[in-house]
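Only one structure is covered here, and it is reproduced in the block below.
2 protein chains.
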Amino acid sequence: MTNNASDWSQPKTSTALLTDQYELTMLSAALGDGSAHRRCSFEVFARRLPAGRRYGVVAGVGRLLDALPRFRFGEPELAVVSEFLDERTVDWLRDYRFSGDIDGYREGELYFPGSPILSVRGTFAECVLLETLTLSILNHDSAIASAAARMVSAAAGRRMIEMGSRRAHEESAVACSRAAYLAGFTATSNLEAVRRYGVPGAGTSAHAFTLLHNTVAGPDEAAAFRGQIAALGLGTTLLVDTYDITEGVKTAIAVAGPELGGVRIDSGDLGVWARQVRAQLDDLGATKTKIVVSGDLDEYAIAALRAEPVDTYGVGTALVTGSGAPTAGMVYKLVEVEGIPVAKRSSHKESRGGTKRVLRFARPTGTAVEEVAFPADAPAPESGGLIAHDLLVPMVRGGEVVAGLPTLDEGRDLLAQRLVSLPWEGLKLSHGDPAIPTRFVG
Amino acid sequence: MTNNASDWSQPKTSTALLTDQYELTMLSAALGDGSAHRRCSFEVFARRLPAGRRYGVVAGVGRLLDALPRFRFGEPELAVVSEFLDERTVDWLRDYRFSGDIDGYREGELYFPGSPILSVRGTFAECVLLETLTLSILNHDSAIASAAARMVSAAAGRRMIEMGSRRAHEESAVACSRAAYLAGFTATSNLEAVRRYGVPGAGTSAHAFTLLHNTVAGPDEAAAFRGQIAALGLGTTLLVDTYDITEGVKTAIAVAGPELGGVRIDSGDLGVWARQVRAQLDDLGATKTKIVVSGDLDEYAIAALRAEPVDTYGVGTALVTGSGAPTAGMVYKLVEVEGIPVAKRSSHKESRGGTKRVLRFARPTGTAVEEVAFPADAPAPESGGLIAHDLLVPMVRGGEVVAGLPTLDEGRDLLAQRLVSLPWEGLKLSHGDPAIPTRFVG
Numbered sequence: 001m002t003n004n005a006s007d008w009s010q011p012k013t014s015t016a017l018l019t020d021q022y023e024l025t026m027l028s029a030a031l032g033d034g035s036a037h038r039r040c041s042f043e044v045f046a047r048r049l050p051a052g053r054r055y056g057v058v059a060g061v062g063r064l065l066d067a068l069p070r071f072r073f074g075e076p077e078l079a080v081v082s083e084f085l086d087e088r089t090v091d092w093l094r095d096y097r098f099s100g101d102i103d104g105y106r107e108g109e110l111y112f113p114g115s116p117i118l119s120v121r122g123t124f125a126e127c128v129l130l131e132t133l134t135l136s137i138l139n140h141d142s143a144i145a146s147a148a149a150r151m152v153s154a155a156a157g158r159r160m161i162e163m164g165s166r167r168a169h170e171e172s173a174v175a176c177s178r179a180a181y182l183a184g185f186t187a188t189s190n191l192e193a194v195r196r197y198g199v200p201g202a203g204t205s206a207h208a209f210t211l212l213h214n215t216v217a218g219p220d221e222a223a224a225f226r227g228q229i230a231a232l233g234l235g236t237t238l239l240v241d242t243y244d245i246t247e248g249v250k251t252a253i254a255v256a257g258p259e260l261g262g263v264r265i266d267s268g269d270l271g272v273w274a275r276q277v278r279a280q281l282d283d284l285g286a287t288k289t290k291i292v293v294s295g296d297l298d299e300y301a302i303a304a305l306r307a308e309p310v311d312t313y314g315v316g317t318a319l320v321t322g323s324g325a326p327t328a329g330m331v332y333k334l335v336e337v338e339g340i341p342v343a344k345r346s347s348h349k350e351s352r353g354g355t356k357r358v359l360r361f362a363r364p365t366g367t368a369v370e371e372v373a374f375p376a377d378a379p380a381p382e383s384g385g386l387i388a389h390d391l392l393v394p395m396v397r398g399g400e401v402v403a404g405l406p407t408l409d410e411g412r413d414l415l416a417q418r419l420v421s422l423p424w425e426g427l428k429l430s431h432g433d434p435a436i437p438t439r440f441v442g
Numbered sequence: 001m002t003n004n005a006s007d008w009s010q011p012k013t014s015t016a017l018l019t020d021q022y023e024l025t026m027l028s029a030a031l032g033d034g035s036a037h038r039r040c041s042f043e044v045f046a047r048r049l050p051a052g053r054r055y056g057v058v059a060g061v062g063r064l065l066d067a068l069p070r071f072r073f074g075e076p077e078l079a080v081v082s083e084f085l086d087e088r089t090v091d092w093l094r095d096y097r098f099s100g101d102i103d104g105y106r107e108g109e110l111y112f113p114g115s116p117i118l119s120v121r122g123t124f125a126e127c128v129l130l131e132t133l134t135l136s137i138l139n140h141d142s143a144i145a146s147a148a149a150r151m152v153s154a155a156a157g158r159r160m161i162e163m164g165s166r167r168a169h170e171e172s173a174v175a176c177s178r179a180a181y182l183a184g185f186t187a188t189s190n191l192e193a194v195r196r197y198g199v200p201g202a203g204t205s206a207h208a209f210t211l212l213h214n215t216v217a218g219p220d221e222a223a224a225f226r227g228q229i230a231a232l233g234l235g236t237t238l239l240v241d242t243y244d245i246t247e248g249v250k251t252a253i254a255v256a257g258p259e260l261g262g263v264r265i266d267s268g269d270l271g272v273w274a275r276q277v278r279a280q281l282d283d284l285g286a287t288k289t290k291i292v293v294s295g296d297l298d299e300y301a302i303a304a305l306r307a308e309p310v311d312t313y314g315v316g317t318a319l320v321t322g323s324g325a326p327t328a329g330m331v332y333k334l335v336e337v338e339g340i341p342v343a344k345r346s347s348h349k350e351s352r353g354g355t356k357r358v359l360r361f362a363r364p365t366g367t368a369v370e371e372v373a374f375p376a377d378a379p380a381p382e383s384g385g386l387i388a389h390d391l392l393v394p395m396v397r398g399g400e401v402v403a404g405l406p407t408l409d410e411g412r413d414l415l416a417q418r419l420v421s422l423p424w425e426g427l428k429l430s431h432g433d434p435a436i437p438t439r440f441v442g
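These protein sequences, in sequence, are chains A and B. Residues 1 to 442 (full-length UniProt numbering) are what the first sequence spells out, left to right. Residues 1 to 442 (full-length UniProt numbering) are what the second sequence spells out, left to right.
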């Protein structure tokens, strides 16, 4: 197994109907009036970050580039769209493949309000069809990675297990595991993410296994622990809070001895219990037994446990729901037609016309200062002694995904570097402004 | 196309890895110590509703029953789990199919805190494996349907188009469309939901199409409208807010004449604009032209527009994010082992042991009064002159999905009936208690 985004064993089904109907009716109208073949440029950006967030994390690019070649209309897809489309449009779709160019921010890159994280160029017809699929993937994965990165910061180096699958759509869950790993989580409970993306797997036992060892004579926690250790070895983590935590820990060490790998606490005041259980374990000689805590943790709860003897955090609901921001709110906007910048003027929904390039400027120490977007055909702004990072990298050329794009592990490393580059306020959990400003030139 | 949940053309891939690793390690331990074959009963319930909500809507049952027969381990799935499982467990999984019984609340049924909406019975081994998949589907779809139902109530009979796909994971989006339709939405923008579930499709045009008709001479909204009408006919809906709404409406009627199907407003103060545009349309003789509004609508914004001349609401982000509650928070708990009720005693996470049945009592007028859960082997509580509805209906027997379960359309009808049965406070949008209490007996 590898972490290469394109290496997964799900059947390569068509992605063409993961699309809003209006993209196809627009196509029909554009083919009819001759505007379909105009050269266009679309950009993806977020108008704002979720309230109080200081940065966003780009995620999903690998999944998008995997879905793109499968955006083809076979006969089953054509049968659906021919219900509302004219024959000319259906014929055009039969031969459709995207043949344009895409540049984008790499996975794991930071973004800020207005950052054009994806630039899609080609004819109107070929670009307009990709709107929904592109946004679905980037909005979902970026929302999860952006929340996950804050949790990883709050955990300050401790192990993080993503265990939120049960609180998310079953396929969204797989993408959540991937995004969490990108953001620095250590492992996932989700086996499909293990298969598809090579994310390390984790998990040992639930309350059900302890409750299963219940007879007419009553509960038998020791029997459950013996069964688990026999199957999974002394390195396993025993769940000690089914009945009484102090009794559970005592039973765990009585059964396993002081070499037990870990205990998990999933309820109660986790800080209080972590301290108490750590003392109890140490008293019992189990000084190396790890403490795993789980149960409604979010970035704030994780941060609040920083002074406690917690070794591993298990995070579920807050991760897969983006900790209050389940979608990144990115939009896919037409910015240029045949070289002419275009922009709508609806109130509060302005977009900035023209294809753009973006540089992020950093001090020689590495600290980011600002992001500057400027017309792609204009000279780059002066750096003024700062170091410039070109953020939009070629991803698709002539419809083909370019070779050598970052793997998931490389994206994970990139994000870790980028977080270090933020001004120190940028990593604060409290509400604030974007960590660096974005300036639009020209 | 039909609305039958099992009629969709996606390849029938294995769902077995949409699972948390710990279910498989528990299986291994239980096979090892002989507890795997104990007769068990698991129940799915929500400990609480999202803050202030008065009811929840059960959704996803059809999807779950479609996924269940595909919960099989083929060689690709076995290769993944053999990385961490012993050979005996892998061999057991090779032959796995669920052979137990499932009863559940029907899709479209209401639920309240504690309602055991699904009862899964069989050996520990066969039931424990289904936890994650079951919860993923029910938690996601019920969260969306529960939010959608409130929006439909707020819309008071007006047309509702679900258009949130771009704000959700691409597969979650399809399930969101399905859940919204279950809850009473009229149509969806999502073409895969049209294909898979027979939800009516909708959609005409975005700002990009208007902006596309931009030349060196400047914008040409009239050309865009002409192109759209030529392709889609006079019944189409023109998007009039790309530049100036009043000008847009004027141009729309100039191009289309008073028989134009509709205009859409996607920005600005929707109530003010709806009134102004209605007056303008009427002045222009376009008295039957409908007004569609969209743009960050949630149930409260929809309700606030009740007095305005809006014909159709388009709802996106708030729908697919469950309007602040993106997951239903249901759990899957072991409640009985070999006839013995079991329950954990962790603080604040108590569960109620024993397999249950549930009756909902209603007055002869149809108004629901309370839900009563009681031991499945005990006699039903006295009705006291009320009408009793048995809520847990047989869904799977001996591993086979029973015939004749409600279709998506039947679930939609059921929910519409059930909402009428709530005490009137139950339909209020404001925060409050569950509409009816749930009582646990015995």
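Ideal Cβ placement from N, Cα and C applies to all residues, glycine included.
Ignore the nearest five residues each way along the sequence and tell me which others in glutamate 299 (chain B)'s own chain have a CB closer than 8 angstroms to its CB.
Here residue 299 (chain B) is taken as the residue at index 299 of the second sequence, counted from 1. So the qualifying residues of the chain are Ala147, Arg150, Met151, Ser153, Ala154, Ala318, Ser323 and Leu429.
Beta-carbon spacing of asparagine 139 (chain A), glycine 329 (chain A) below 8 angstroms:
Position 139 of the first sequence, counted from the start, is the residue given in the question as residue 139 (chain A). Position 329 of the first sequence, counted from the start, is the residue given in the question as residue 329 (chain A). Yes.
Cβ pair count under 8 angstroms reaching 3, the stretch 41-57 of chain B against the stretch 103-118 of chain B:
yes
Counting C-beta neighbours from all protein chains within 10 Å, is the total for glutamine 417 (chain A) 16 or more, i.e. buried, or is it exposed?
Taking the first residue of the first sequence as position 1, residue 417 (chain A) is located at position 417. That one is exposed.
Would you mind working out which of B:Leu18, B:Asp413, B:Leu419 and B:Val401 sits nearest arginine 196 (chain A), comparing C-alpha positions?
For the purposes of this step, residue 196 (chain A) is taken as the residue at position 196 of the first sequence. Cα-wise, what sits closest to arginine 196 (chain A) is B:Leu18.
Among residues of its own chain, excluding the 5 on either side of methionine 163 (chain B), which ones have a beta-carbon nearer than 6 angstroms to its beta-carbon?
As a position in the second sequence, residue 163 (chain B) is number 163, starting the count at 1. Within the same chain, methionine 163 (chain B) has close Cβ partners Ser189, Gly314 and Gly316.
Take the Cβ of glycine 218 (chain A) as the centre, count every other Cβ of all protein chains shown within 10 Å, and call the residue buried at 16 or more, exposed below.
Residue mapping note: residue 218 (chain A) aligns to position 218 of the first sequence, counting from 1. Exposed.
Would you call lysine 356 (chain A) buried or exposed, if buried means 16 or more other Cβ atoms sit within 10 Å of its Cβ?
As a first step, residue 356 (chain A) is located in the first sequence; it is residue number 356 there, counting from the start. Buried.
Which of helix, strand or coil DSSP assigns to threonine 2 (chain B):
Residue numbering aside, residue 2 (chain B) sits at position 2 when the second sequence is read from its first letter. Since pLDDT at threonine 2 (chain B) reaches only 36, below the 50 mark, its modelled position is unreliable, and the value read off the structure follows with that caveat. Three-state DSSP puts threonine 2 (chain B) in coil, outside helix and strand.
Scan the stretch 246-315 of chain A and note each continuous alpha helix (DSSP H) run of 4 residues or more that stays entirely inside, going in chain order.
270-283 and 299-304
Quick one: residues in its chain with C-beta nearer than 8 angstroms to the C-beta of threonine 367 (chain A), no 5 flanking neighbours on either side, listed in chain order?
In the first sequence, residue 367 (chain A) corresponds to position 367, counting from 1. Only Ser421, Leu422 and Pro423 meet the Cβ criterion.
Contacts around isoleucine 102 (chain B), its chain only, beta-carbon distance under 6 angstroms, and the 5 residues preceding and following it disregarded
For the purposes of this step, residue 102 (chain B) is taken as residue 102 along the second sequence, with counting starting at 1. Around isoleucine 102 (chain B): Val120, Met395 and Val396.
Which residues mark the beginning and the end of the alpha helix (DSSP H) in which histidine 140 (chain A) is found?
Here residue 140 (chain A) refers to the residue found at position 140 when the first sequence is read from its first residue. Where histidine 140 (chain A) is concerned, the enclosing alpha helix (DSSP H) stretches over 131-155.
Tell me which residues share the same chain as threonine 236 (chain B) and place their Cβ nearer than 7 angstroms to its Cβ, disregarding the 5 neighbours each side in the sequence.
Here residue 236 (chain B) refers to the residue found at position 236 of the second sequence. The answer, listed in chain order, is Thr204, Gln228, Ile229 and Gly261.
DSSP three-state assignment for threonine 89 (chain B), whether helix, strand or coil
Within the second sequence, the letter at position 89 stands for residue 89 (chain B). Three-state result, threonine 89 (chain B): helix.
Can you confirm whether leucine 102 (chain A), when its beta carbon is compared against all beta carbons of chain B, has any partner nearer than 8 angstroms?
Position 102 of the first sequence, counted from the first residue, corresponds to residue 102 (chain A). According to the sequence shown, residue 102 (chain A) is isoleucine rather than leucine. Closer than 8 angstroms: no.
Start-to-end residues for the alpha helix (DSSP H) that takes in leucine 211 (chain B):
Along the second sequence, read from residue 1 onward, the residue named residue 211 (chain B) stands at position 211. 207-212 is the span of the alpha helix (DSSP H), which, as asked, contains leucine 211 (chain B).
Classify valine 61 (chain A) as buried or exposed, calling it buried when 16 or more other Cβ atoms lie within 10 Å of its own Cβ.
On the first sequence, position 61 is the one that residue 61 (chain A) refers to. It counts as buried.
Residues of the stretch 38-51 of chain B with a CB closer than 9 angstroms to any CB of chain A: list them in chain order, please.
Arg38, Cys40 and Phe42
Minimum C-alpha distance to alanine 46 (chain A) - residue among A:Ala143, A:Arg306 and A:Thr365:
As a first step, residue 46 (chain A) must be located in the first sequence, where it is residue number 46. The option with the nearest alpha carbon to alanine 46 (chain A) is A:Ala143.
Counting only C-beta atoms, is serine 136 (chain B) closer than 8 angstroms to chain A at any point?
Within the second sequence, numbered from 1, the residue matching residue 136 (chain B) stands at position 136. At least one chain A Cβ lies under 8 angstroms of serine 136 (chain B).
Leaving out five residues before and five after histidine 213 (chain A) in sequence, what residues of the same chain have Cβ atoms less than 6 angstroms from its Cβ?
To locate residue 213 (chain A), count along the first sequence from 1; it is residue 213. Only Asp220, Ala223 and Ala224 meet the Cβ criterion.
Looking only at its chain, what residues have a beta carbon closer than 7 angstroms to the beta carbon of serine 35 (chain B), apart from the 5 residues adjacent to it on each side?
The sequence position of residue 35 (chain B) within the second sequence is 35, counting from 1. If we look at serine 35 (chain B) and ignore the five residues flanking it on each side, its Cβ neighbours are Phe124.
Who are the neighbours of histidine 207 (chain A) on chain B, taking C-beta pairs under 7 angstroms?
By 1-based counting over the first sequence, the position of residue 207 (chain A) is 207. By Cβ distance, chain B contributes Lys344.
Would you please verify whether the beta carbon of threonine 242 (chain B) is less than 8 angstroms from any beta carbon of chain A?
Taking the second sequence and counting its residues from 1, one reaches residue 242 (chain B) at position 242. By this cut-off, threonine 242 (chain B) is an interface position.
Please list the partners that isoleucine 340 (chain B) has in chain A, where partner means a Cβ-to-Cβ separation under 7 angstroms.
Within the second sequence, numbered from 1, the residue matching residue 340 (chain B) stands at position 340. Going along chain A in sequence order, the residues near isoleucine 340 (chain B) (Cβ under 7 angstroms) are Asn214 and Val216.
Quick one: which chain B residues come within Cβ less than 8 angstroms of phenylalanine 84 (chain A)?
Taking the first sequence and counting its residues from 1, one reaches residue 84 (chain A) at position 84. Here the neighbours are Gly201.
Note down, in chain order, all residues in the stretch 114-128 of chain A with a beta-carbon under 8 angstroms from any beta-carbon belonging to chain B.
Phe124 and Val128
Beta carbon of aspartate 33 (chain B), beta carbon of arginine 159 (chain B): below 8 angstroms?
On the second sequence, position 33 is the one that residue 33 (chain B) refers to. On the second sequence, position 159 is the one that residue 159 (chain B) refers to. Not a contact, by the Cβ cut-off of 8 angstroms.
Counting only beta-carbon atoms, is proline 326 (chain A) nearer than 8 angstroms to chain B?
Here residue 326 (chain A) corresponds to residue number 326 of the first sequence, with the count starting at 1. Cβ-Cβ to chain B under 8 angstroms: yes for proline 326 (chain A).
Short check: CB of phenylalanine 98 (chain B) to CB of phenylalanine 71 (chain B), under 8 angstroms?
To locate residue 98 (chain B), count along the second sequence from 1; it is residue 98. To locate residue 71 (chain B), count along the second sequence from 1; it is residue 71. Yes, they are a contact pair.
Would you tell me roughly how many angstroms separate the C-alpha atoms of proline 381 (chain B) and threonine 438 (chain B), rounded to the nearest one?
Sequence index remark: in the second sequence, residue 381 (chain B) carries index 381 (1-based). Sequence index remark: in the second sequence, residue 438 (chain B) carries index 438 (1-based). Cα to Cα, the separation comes out at about 13 angstroms.
Tell me which residues share the same chain as valine 194 (chain A) and place their Cβ nearer than 6 angstroms to its Cβ, disregarding the 5 neighbours each side in the sequence.
Taking the first sequence and counting its residues from 1, the one referred to as residue 194 (chain A) is at position 194. Gly201, listed in sequence order.
Is the beta carbon of glutamate 131 (chain B) closer than 8 angstroms to that of arginine 166 (chain A)?
One-based indexing of the first sequence puts residue 166 (chain A) at position 166. One-based indexing of the second sequence puts residue 131 (chain B) at position 131. Yes. Within cutoff.
Closer than 8 angstroms to chain A by CB, arginine 70 (chain B)
Walking along the second sequence from the start, residue 70 (chain B) turns up at place 70. So no, arginine 70 (chain B) is outside the interface.
Taking 7 angstroms as the limit between beta carbons, can you name the residues of its chain near valine 277 (chain B), skipping five residues before and five after?
Here residue 277 (chain B) corresponds to residue number 277 of the second sequence, with the count starting at 1. Contacts found: Ile245, Val249, Val263, Ile265 and Ile291.
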